[in-house]
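Here the sequence shown is numbered in the working numbering, starting from 145 and rising by one per residue. A short write-up of the structure that comes next.
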Amino acid sequence: ADGGFFNADSLESLPHDQWLGYTDLTDSQHDFFGPEGNHGTLCLSAIMGQQENYQGAATQAEYFLFRTEEHNTESPKEIDNWVAAIEMADSLGLHIVSTSLGYTTFDQEHFNFAYADMDGRTSRGAQASLIAARKGMLLVTAMGNEGDKTWHYLSTPADADSILSVGAVNKDGAIAMFSSYGPSADGRVKPEVCAMGEGTSLISPANNAVISSNGTSFAGPLIAGMAASLWSALPQATNMEIREMI
């Protein structure tokens, strides 16, 4: 679940025979794979990208792509789009959802969240995450990149209970300065886990070249891919057992 998937349909490194499908839950009138955004393509490459000098975290998994992020606005509707994606993912029988989106403030300030709202119970995204976890899905959600900004703390739906919220570290295992901080407003440890999010290797949507970039957005897919690989090795495990192992 993400923003734009520019060129994802034309990159040989993202083999389409592993795609279950895709859907656009936004108001966009543009092509799903058009130039409105490439964030989703970058995140997808971290999980499934495969070429001679690059292997993603779960190259044998199957994927369904959801676009939920409105391109030119920031509003609570985007959370509703994401909830619709989670409901659809459940109906399709998907096991893991990788989300590199997060919400704290909006174009209209009266919708803004406060840190006190990051309690896993307030936002519709956090509520939907918990419902999905209870249904047996594993949600892997980026913490956000506010660690060196005024907000500082995590965003929603990373505040949800019973999921894996993912922070970013560098190659030496040190926390990236931008990685958002916990705890949740109700005192739970956040993030639950971290992965390489500073200098993460990705595949460029423009030319299929291996590049690097920064963000918890790219740490999250690495954990989602690892979870998929682990779950495929332990198919009898529950989502909560996989979460606890990680």
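Built from N, CA and C at the ideal position, the CB exists for glycine as well.
With contact counted as at least three CB pairs below 8 Å, one residue from each stretch, are the region 278-285 and the region 365-383 in contact? These segments touch.
What ranges does the alpha helix (DSSP H) occupy inside the region 268-295, keeping only unbroken runs of at least 4 residues that lie completely in it? Within the region 268-295, complete alpha helix (DSSP H) segments of at least 4 residues are found at 268-278, given in chain order.
Counting Cβ pairs, one atom from each stretch, are 3 or more of them under 8 Å apart for the region 329-340 and the region 164-179? No, because fewer than three Cβ pairs between the region 329-340 and the region 164-179 fall closer than 8 Å, the two stretches do not touch.
To the nearest angstrom, report how far apart Asp224 and Ser328 are at their CA atoms. For the purposes of this step, residue 224 is identified with residue 80 of the sequence shown, where counting begins at 1. For the purposes of this step, residue 328 is identified with residue 184 of the sequence shown, where counting begins at 1. One C-alpha to the other measures close to 21 Å.
Buried or exposed for Asp146, going by 16 or more other Cβ atoms inside 10 Å? In the sequence shown, counting from the first residue as 1, residue 146 sits at position 2. So Asp146 ends up on the buried side.
For Glu231, which option in Pro179, His296, Leu274 has the closest C-alpha, if you only look at C-alpha atoms? Within the sequence shown, numbered from 1, the residue matching residue 231 stands at position 87. Sorting Pro179, His296, Leu274 by C-alpha distance to the C-alpha of Glu231 places Leu274 at the top.
Are the CB atoms of Gly288 and Ala302 within a distance shorter than 8 Å? The count along the sequence shown starts at 1 and reaches residue 302 at position 158. The count along the sequence shown starts at 1 and reaches residue 288 at position 144. Contact: yes.
Rounded to whole angstroms, what is the Cα-Cα separation between Gly148 and Leu186? Locating residue 148 in the sequence shown gives position 4, counting from the first residue. Locating residue 186 in the sequence shown gives position 42, counting from the first residue. Straight-line measurement puts the Cα of Leu186 at about 10 Å from the Cα of Gly148.
Secondary structure at Gln194, three-state DSSP: helix, strand or coil? As a working note, residue 194 is residue 50 in the sequence shown. Gln194 falls in the strand class under three-state DSSP.
Can you round the beta-carbon distance between Tyr139 and Ile347 to whole angstroms, since I take them to be within the 8 Å contact cut? Outside the shown range of the chain (145 to 390) lies residue 139, about which nothing can therefore be said.
Just how far apart, CA to CA, sit Met262 and Glu156? Numbered from its first residue, the sequence shown carries residue 262 at position 118. Numbered from its first residue, the sequence shown carries residue 156 at position 12. Going from the Cα of Met262 to the Cα of Glu156 covers about 40 Å.
With distance defined between alpha-carbon atoms, name the residue in Gly237, His296, Ile355, Gly311 nearest to Ser361. Locating residue 361 in the sequence shown gives position 217, counting from the first residue. The shortest C-alpha separation from Ser361 is found at Gly311.
Around the Cβ of Pro349, are there at least 16 other Cβ atoms within 10 angstroms (buried) or fewer (exposed)? Taking the first residue of the sequence shown as position 1, residue 349 is located at position 205. So Pro349 counts as buried.
Per DSSP, what kind of secondary structure is Asp224 in: helix, strand or coil? Here residue 224 corresponds to residue number 80 of the sequence shown, with the count starting at 1. The DSSP-derived three-state label of Asp224 is helix.
For Ala260, tell me which candidate among Ala318, Ser376, Trp226, Arg332 has the shortest Cα-Cα distance. Here residue 260 refers to the residue found at position 116 of the sequence shown. Taking only the C-alpha atoms, the option nearest Ala260 is Arg332.
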